[in-house]
Amino acid sequence: LNSRLSAPTPPRAIKILGWKKAVEYFQKLLHDLDIICSYSLDPSLESVLHFVVEFQKFQPDLVARAHLQILLVQDGKLYGRDPVFSVISKAAALPEVTKNHDLQKNETVVQLGQLVISLLKIICTNAAWQRRKLGKILQDWRVIYVQNVCMKISKHILIWVEEQTYWIASRFLELGFELELYSPHEYCMVYWYIYVVLIKLAEKTHLKLLTSNETAKRKGKKKRDSPKDVARDYQIPPKVLLLQCHIYLAEGLTMMLAALKNEHKVFLSLGPFNTEHERFFQHFELLQKACIPDHISYVSFEESTMHARLSTLVMYNCFKDAQRIAKDLRNSFSNDPDRMAELRRIELVAEHNGVALNLICRLGTLDPSLKVYFEFSHHPYFATAVVKRS
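Numbered per full-length UniProt numbering, the sequence shown spans residues 1 to 390.
Put into structure tokens, the structure is as follows:
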């Protein structure tokens, strides 16, 4: 184990594992492999992506990640079993008529299949490599979308490609927190970008689910919808409402940070090197090049945040809305431990930020002895505001 973990470099002093650490290493490895082996091999791409993202939270070793990648992708198929086109068809909810068409031989669809395989391999890598590669393949997903628009291949695939592109963009931004790439005075622009990406992701997810329901209804050949069915159709799906919780948290944090900057001159970037505009470009260059989302720029960010005030935030409290929706969603996800845990995290972030916001507003001008800072005590990438007297 020590031989494998030590890098092939010239002779130098290195730390080596003792018996205790070696046993702990193998215990964790067996734990990670056990999670992989107990996976149900769900043919749904969405479930696969969700499983891998949750699995990565355990920070698995290279060996476990390599085993996971081999399990997911074999011979260009999912699990070495499901052809990529059938995986895409299921994910995009393609009608049966389209599935039997020559669509799978289309060059753009073949390229899309290759992108799906690449995505599965990328999300099995470590956080730093994963983020680097996700940023690069965003451009490829955008090109596939443009080709779909030009060639009018399939409305279902077009919607799904857009949804997937925004999912990759959101994952790219979230990994920046895990890798500690953002400094506190950059949180405002990062949360703003997460906010605009999540709005698009929720929009495309909702559209895909509506299209999927239409396909299912045509397949069922219903003559007339009952009032109950119509009411159900107009309800916002739980998956979209969960995204809405994230949108409210991102919006609340953006405006809270912007208001603190505008009114109390905290979280200002006073460094002699990069301007805020330059840092915006550095963090989001790959997203900007891929036009994700369209017509979004540093000017948009400035215009959205320059008038933010704490008094307005208290009246329109995004944190309360996030907390309310999260509580309402408990019944919808009662059989999903991962999403139940996420709802609890959302509630904690929303509650603590709501309290901090009210406290700052009540105090008015910040006392020099009062300090506001943000920590990630309840959620990996949605920060919690802390107000303390130094």
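By construction, the Cβ of each residue, glycine as well, lies at the ideal position given by its N, Cα and C atoms.
Computed from a prediction, not measured in an experiment: that's the story for all the values here.
Per DSSP, the bridge partner or partners of residue i
i: Lys371; result: Lys388
i: residue 442; result: An answer regarding residue 442 cannot be provided, because it is not within the stretch 1 to 390 covered by the chain.
Nearest residue (CA-CA) to residue i, options the options
i: Asp75; options: Leu33, Glu174, Met189, Lys121; result: Lys121
i: Lys136; options: Gln288, Met306, Leu17, Cys361; result: Gln288
i: Gln323; options: Cys245, Ser377, Arg279, Gly252; result: Cys245
i: Gln282; options: Met189, Phe26, Ser170, Ser118; result: Met189
i: His277; options: His185, Asn213, Met151; result: His185
i: Leu175; options: Glu351, Arg131, Gln147; result: Arg131
i: Phe376; options: Thr108, Cys150, Ser332, Glu180; result: Glu180
i: Ala341; options: Val23, Lys57, Arg4; result: Lys57
i: Ile325; options: Asn213, Ser212, Ile236; result: Ile236
i: Thr125; options: Pro43, Leu72, Glu107; result: Leu72
i: Tyr108; options: Val387, Thr275, Ile157; result: Sequence check: residue 108 is Thr here, not Tyr. The option with the nearest alpha carbon to Thr108 is Ile157.
i: Ile117; options: Tyr298, Leu45, His50; result: Leu45
i: Lys90; options: Thr312, Val48, Val63; result: Val48
i: Glu263; options: Leu243, Thr312, Leu249; result: Thr312
i: Phe374; options: Lys388, Leu33, Pro83; result: Lys388
i: Lys105; options: Val84, Ser332, Asp42; result: Val84
i: Asn213; options: His295, Pro95, Val143; result: Pro95
i: Gln111; options: Ile88, Val299, Asn353, Ser3; result: Ile88
i: Val240; options: Ile123, Ser332, Lys20, Ile16; result: Ser332
i: Pro337; options: Glu54, Ser369, Arg81; result: Glu54
i: Lys371; options: Val349, Gly354, Lys265; result: Lys265
i: Ser183; options: Phe280, Ser6, Val149; result: Phe280
i: Leu242; options: Trp19, Phe273, His206; result: His206
i: Gly252; options: Ser297, Cys318, Tyr298, His295; result: Cys318
Supposed contact pair residue j and residue i - C-beta distance, whole angstroms, cut 8 Å
i: Ala308; j: Tyr187; result: About 14 Å; that fails the 8 Å criterion.
i: Gln139; j: Ala290; result: 5 Å
i: Thr254; j: Tyr195; result: 6 Å
i: Ser154; j: Leu103; result: 7 Å
i: Ala343; j: Pro238; result: In the sequence under discussion, the amino acid at residue 343 is Leu, which differs from the Ala named in the question. Not a contact, Cβ separation roughly 10 Å.
i: Ile36; j: Leu68; result: 5 Å
i: Phe301; j: Trp192; result: 5 Å
i: Arg345; j: His378; result: 6 Å
i: Ala93; j: Lys208; result: 7 Å
i: Phe177; j: Pro10; result: 36 Å between Cβ atoms; not a contact.
i: Leu62; j: Tyr25; result: That pair is no contact at about 12 Å.
i: Glu347; j: Lys327; result: 7 Å
i: Ala66; j: Asp32; result: 11 Å between Cβ atoms; not a contact.
i: Ala385; j: Leu249; result: Going by Cβ atoms, the distance from Ala385 to Leu249 rounds to 12 Å, so no, they are not a contact pair.
i: Arg142; j: Ile247; result: Not quite, the Cβ-Cβ distance comes to about 22 Å (not below 8 Å), so this is no contact.
i: Ile144; j: Val52; result: The Cβ separation is near 21 Å, so there is no contact.
i: Ser3; j: Ile14; result: In fact, because the Cβ distance is near 11 Å, the residues do not count as touching under 8 Å.
* To do: Spell out a yes or no on whether the region 253-263 and the region 296-315 are touching, meaning 3 or more CB-CB pairs, one atom from each, closer than 8 Å.
  => yes
* **Unbroken stretches of the beta strand (DSSP E), 3 residues or longer, contained in the region 41-65** => none
* Between the region 198-211 and the region 160-169, are three or more C-beta pairs nearer than 8 Å? -> yes
* Asked: Which runs of the alpha helix (DSSP H), 4 residues or longer, sit entirely within the region 105-145?
  -> Within the region 105-145, the complete alpha helix (DSSP H) segments at least 4 residues long are 107-122, listed from N- to C-terminus.
* Asked: Is there contact here, the region 170-188 with the region 344-359, by at least three beta-carbon pairs under 8 Å?
  -> no
* Of all the alpha helix (DSSP H) runs that stay within the bounds of the region 299-360, which reach a length of 4 or more residues? -> As for any alpha helix (DSSP H) of minimum length 4 sitting wholly inside the region 299-360, the runs are 310-315, 318-328, ordered along the chain.
* Uninterrupted alpha helix (DSSP H) stretches inside the region 244-296 (no shorter than 4 residues) -> 276-289
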